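Numbering (my numbering), first residue to last: 3 to 190.
If you want it as structure tokens, here you go:
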């Protein structure tokens, strides 16, 4: 019972902290807010973090942490709430592993939706060859809320009609995506 209470308090605390930093950033500047969408579940640290850290560096923010007021954009990085270890054994086929608790699943989705709602752009890196179920749902969620959706897809593979329909721009590299976000006329 005590564990359940502590988990609920942690979730409320996390939401409060996230809301504070998002609100603070809205007051401080008019920078483009980019949500960094891409596979996390089943990815190692390199696959989940390296490209996000690169984008954060390229936009002028320091990796790991909340809002810093330098650069041309702010990146909302879902990896600041890394829950991969909660169900890591479950994903790797360990029959004795405890499944991810429902409250953690709910926290992941709700806080990612807050980030997407607060963003101007959803940048989806769909290049890693991993399951992208959550990323696909985030793409639709952002598109339906009027956010600019930029997808990075392998140019040698066919484009899903769902990706084509729910995006504003499809490119082959992260560099092309950032160039479009920074210099495109999408804000007109």
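Beta carbons are placed, not taken as given, at the ideal position from N, Cα and C, and that holds for glycine.
Just so it is clear, the structure is predicted and the values come from calculations on it, not from any experiment.
Handout entry: Own chain partners of residue 74 with C-beta closer than 8 Å, once the 5 adjacent residues on each side are dropped
Key = 33, 34, 61, 62 and 184
Practice task
Could you give the DSSP three-state label for residue 51: helix, strand or coil?
Solution key: helix
Problem - Unbroken alpha helix (DSSP H) run spanning residue 42, endpoints - result: Bounds of any alpha helix (DSSP H) do not take in residue 42, whose DSSP letter is neither H nor E.
Handout entry: Rounded separation between residue 109 and residue 103 - CA only
Key = Straight-line Cα distance between these residues: approximately 10 Å.
Practice task
With DSSP collapsed to three states, give me the class of residue 127.
Solution key: Correct three-state label for residue 127: strand.
Problem - One or two residues paired with residue 172 in a DSSP bridge - result: 153
Problem - Burial state of residue 169, where buried means 16 or more other Cβ atoms lie within 10 Å - result: buried
Problem - Nonlocal neighbours in the same chain, by C-beta distance under 7 Å from residue 142, ignoring five residues either side - result: Take residue 142, set aside five residues on each side of it, and the residues of its chain with a beta-carbon closer than 7 Å to its own are 168, in chain order.
Practice task
Could you have a look at residue 36 and say whether DSSP puts it in helix, strand or coil?
Solution key: strand
Problem - DSSP beta-bridge partners of residue 109 - result: DSSP, once it has assigned bridges, lists no residue as partnering residue 109.
Exercise for the section: Please confirm whether residue 155 and residue 174 have their CB atoms less than 8 Å apart. Expected result: Yes. Within cutoff.
Practice task
Determine, using beta carbons only, whether residue 149 and residue 123 come nearer to each other than 8 Å.
Solution key: yes
Problem - Cα-Cα separation between residue 39 and residue 101, rounded to whole angstroms - result: 24 Å
Handout entry: Enclosing alpha helix (DSSP H) for residue 164 [first to last residue]
Key = Looking at the DSSP string, the run of the alpha helix (DSSP H) that includes residue 164 is 163 to 167.
Problem - Exposure label - residue 127; buried when at least 16 CB within 10 Å - result: buried
Exercise for the section: Compare the Cα-Cα distances from residue 87 to each of 56, 44 and 58 and report the closest residue. Expected result: The alpha carbon of residue 87 has as its nearest neighbour, out of 56, 44 and 58, the alpha carbon of 44.
Exercise for the section: Would you grab the beta carbon distance between residue 179 and residue 125 for me? Rounded to a whole angstrom, and I think it's under 8 Å. Expected result: 6 Å
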